[in-house]
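**Q** The structure under discussion is supplied below as structure tokens; questions concerning it will follow.
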Amino acid sequence: MAKEQLNPMILPDSAGNFGKHGGKISHPELAEALEELGTAFHNIIGDEEFINEMKRLQATYVGRPSPIYHAKSLSQRGAQIFLKREDLNHTGAHKINHCIGEALLAKKIGKTKVIAETGAGQHGVALATASALVGLECEIHMGVADIAKEHPNVSRMKILGAKIVPVSSGAGTLKEAVDSAFESYLVQMDTAMFAIGSAVGPAPYPEMVAYFQSVVGHEAREQFARQYGGLPDEVVACVGGGSNAIGLFNAFIDDESVALVGVEPAGEGLDKPGRHAATMAKGTFGNIQGFNCYYLQEEDGTPAAVHSIASGLDYPGVGPQHCLLKDNGRGRYESATDQECLDAFLILSREEGIIPALESSHAVAYALRRAAELDSSKRLLVNLSGRGDKDIDYVLGKIEL
Ligand SMILES: Cc1ncc(COP(=O)(O)O)c(C=O)c1O
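For what it's worth, UniProt numbering labels the leading residue of the sequence shown as 1, then goes sequentially.
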């Protein structure tokens, strides 16, 4: 079952590597726990009962399949723009796809708690939701800068029963939250499962998260062919750690006519170190938080400061599968600035009546730019990874309306 869901190009070897990227954790105690998790994951995805339960929840709880919408006003610019509406999922983003899987897995292996980091709060909300659903304790680590910015999501997590651990070290954003969550996990490994928020980290996480997110691409490919005929020319998704993008790309990897386009945060400009988080454009190879990938680093190998207007993209590393797709040329990685993101946020809101997450607005920004370069026969399918309710106060603080 599992093996059919992910394209062999993005499956790891036995050492958890995707080309030179990825890998397993070296910390001995953690290595043992993750080995067990990997085995449990591979077992459950061959288990019909588990898969049926996951599919039942995807349909009746998450609201899958999410529709594909032809954004005709946006498409006036040139190429036709289509949106895969992951923003319409329960909890408002794609993150619920892997959280349902992770929570069911935690339950299956006898854990009573899940621990995770969150940036924009979408993974935190989705995990708190899935934990409430299956009956697990939930501990979410979140940087203090993100707590201030993503306040509505913090309230939602609390209401859902999650314990929030504020992280004030460093910049108080996603990277520090990951460190803090891992530290907490290390002392609770017997009872807790680490439920990572993106297709990053040591094995088995990139494979596991990509597997649970692959429903997006499988659905989209079938829906697009049925509703609009054929395949899109480009599939487009924002890239933070890379979970929504890999979930979409996976189903199109063998379709050579379809370009796979990831959009990174260029923040205040790619020429301003510390003021963007464009890992693919500016990162170099190395090891961050237990896995190898391209990442933004200082000369001594420590992760560099990063910035994006979108908290969920504000991470100095990126998933190993995307690094591989960059290396082998199958993926193309572009970027959008904070300003382009804000413009796209407003354009989608005002031309189509859809308020997108700031993260997803990066993909929309690229699509608007790209559509204007192409004629109306071309078709771009954009993963609208989340809705922007969480961002409205922040945006109103930035722009005068
Ligand atoms: C709505 C939304 N889209 C995208 C992302 C980026 O994550 P990923 O690259 O794993 O899809 C986030 C992260 O918080 C998010 O909340």
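For glycine and all other residues, C-beta sits at the position ideal for the given N, C-alpha and C.
Under three-state DSSP, which class holds ARG369?
**A** In the sequence shown, residue 369 corresponds to position 369, counting from 1. It is helical.
**Q** Measuring CB to CB, does GLU102 end up less than 8 angstroms from ALA93?
**A** Locating residue 102 in the sequence shown gives position 102, where the first residue counts as 1. Locating residue 93 in the sequence shown gives position 93, where the first residue counts as 1. The answer is no: Cβ separation not under 8 angstroms.
**Q** Count the C-beta pairs between the stretch 306-321 and the stretch 242-250 that are closer than 8 angstroms, then say yes if the count reaches three, no if not.
**A** yes
**Q** Taking C-alpha atoms, which residue in ALA195, TYR61 and GLU352 lies nearest to THR112?
**A** Here residue 112 is taken as the residue at index 112 of the sequence shown, counted from 1. Of ALA195, TYR61 and GLU352, the residue nearest in Cα terms is ALA195.
**Q** Please determine whether the Cβ atom of GLN227 lies at a distance below 7 angstroms from any heavy atom of ligand 1.
**A** The residue you call residue 227 lines up with position 227 of the sequence shown. Flag unset: Cβ of GLN227 not near ligand 1.
**Q** Does the Cβ of VAL239 lie closer than 7 angstroms to at least one heavy atom of ligand 1?
**A** Counting from one through the sequence shown, the residue named residue 239 turns up at place 239. The closest heavy atom of ligand 1 lies less than 7 angstroms from the beta carbon of VAL239.
**Q** Can LYS175 and PRO8 be called in contact, C-beta distance under 8 angstroms?
**A** Position 175 of the sequence shown holds residue 175. Position 8 of the sequence shown holds residue 8. Contact: no.
**Q** Tell me which same chain residues have a C-beta within less than 6 angstroms of the C-beta of LEU374, skipping the five on either side of it?
**A** For the purposes of this step, residue 374 is taken as the residue at position 374 of the sequence shown. Closer than 6 angstroms at the Cβ level, and outside the excluded window around LEU374, lie GLY78 and ALA79.
**Q** CA-CA distance, SER198 and GLU117?
**A** The residue given as residue 198 occupies position 198 in the sequence shown. The residue given as residue 117 occupies position 117 in the sequence shown. Their backbone Cα atoms lie some 10 angstroms apart in a straight line.
**Q** Rounded to the nearest angstrom, what separates ASP314 and GLU256 at their Cα positions?
**A** In the sequence shown, the residue the question calls residue 314 occupies position 314. In the sequence shown, the residue the question calls residue 256 occupies position 256. Those two C-alpha atoms are separated by around 31 angstroms.
**Q** Name the two residues that bound the continuous beta strand (DSSP E) containing LEU260.
**A** Position 260 of the sequence shown, counted from the start, is the residue given in the question as residue 260. Note, LEU260: beta strand (DSSP E), 259-267.
**Q** Return the CA-CA distance between LEU83 and GLU351, expressed in angstroms with no decimal places.
**A** Indexing the sequence shown from 1 puts residue 83 at position 83. Indexing the sequence shown from 1 puts residue 351 at position 351. Going from the Cα of LEU83 to the Cα of GLU351 covers about 14 angstroms.
**Q** Count the other CB atoms, across all protein chains shown, that sit within 10 Å of the CB of GLU264; report buried if there are 16 or more and exposed otherwise.
**A** Taking the sequence shown and counting its residues from 1, one reaches residue 264 at position 264. Buried is the call here.
**Q** In the DSSP assignment, find the alpha helix (DSSP H) that holds GLN122 and state where it starts and stops.
**A** Within the sequence shown, numbered from 1, the residue matching residue 122 stands at position 122. 122-134 is the extent of the alpha helix (DSSP H) around GLN122.
**Q** Do ALA237 and ASN383 have their beta-carbon atoms positioned less than 8 angstroms apart in this structure?
**A** Walking along the sequence shown from the start, residue 383 turns up at place 383. Walking along the sequence shown from the start, residue 237 turns up at place 237. In contact: ASN383 and ALA237 (Cβ atoms closer than 8 angstroms).
**Q** Can you determine whether any heavy atom of ligand 1 sits closer than 7 angstroms to the C-beta of GLN122, and answer yes or no?
**A** To locate residue 122, count along the sequence shown from 1; it is residue 122. Under cutoff, so the answer is yes.
**Q** Note the first and the last residue of the continuous beta strand (DSSP E) segment covering GLY240.
**A** Residue numbering aside, residue 240 sits at position 240 when the sequence shown is read from its first letter. In the DSSP assignment, GLY240 falls outside any beta strand (DSSP E) and carries neither an H nor an E.
**Q** Whole angstroms are fine: how far does the CA of LYS282 sit from the CA of ALA15?
**A** Along the sequence shown, one-based indexing puts residue 15 at 15. Along the sequence shown, one-based indexing puts residue 282 at 282. Their backbone Cα atoms lie some 27 angstroms apart in a straight line.
**Q** Going by DSSP, name the residue or residues bridged to ASN89.
**A** Taking the sequence shown and counting its residues from 1, one reaches residue 89 at position 89. For ASN89, which the question treats as bridged, DSSP gives no partner whatsoever.
**Q** Counting along the chain, where does the beta strand (DSSP E) carrying VAL114 start and finish?
**A** Start at 1 with the first residue of the sequence shown, and residue 114 comes out as number 114. Run containing VAL114: 113-118, per the beta strand (DSSP E) assignment.
**Q** Alpha carbon to alpha carbon, how far is CYS138 from VAL62? Give it in angstroms, no decimals.
**A** Along the sequence shown, one-based indexing puts residue 62 at 62. Along the sequence shown, one-based indexing puts residue 138 at 138. Rounded to whole angstroms, VAL62 to CYS138 spans 19 angstroms at the Cα level.
**Q** Can you find the residues in the same chain that come closer than 8 angstroms, C-beta to C-beta, to THR129, ignoring five residues on each side of it along the sequence?
**A** Here residue 129 is taken as the residue at index 129 of the sequence shown, counted from 1. Cβ within range, chain order: HIS90, THR91, ILE96, CYS99 and LEU160.
**Q** Tell me, which residues are paired with MET189 by DSSP?
**A** Numbered from its first residue, the sequence shown carries residue 189 at position 189. Note: MET189 sits in no beta bridge, so no partner.
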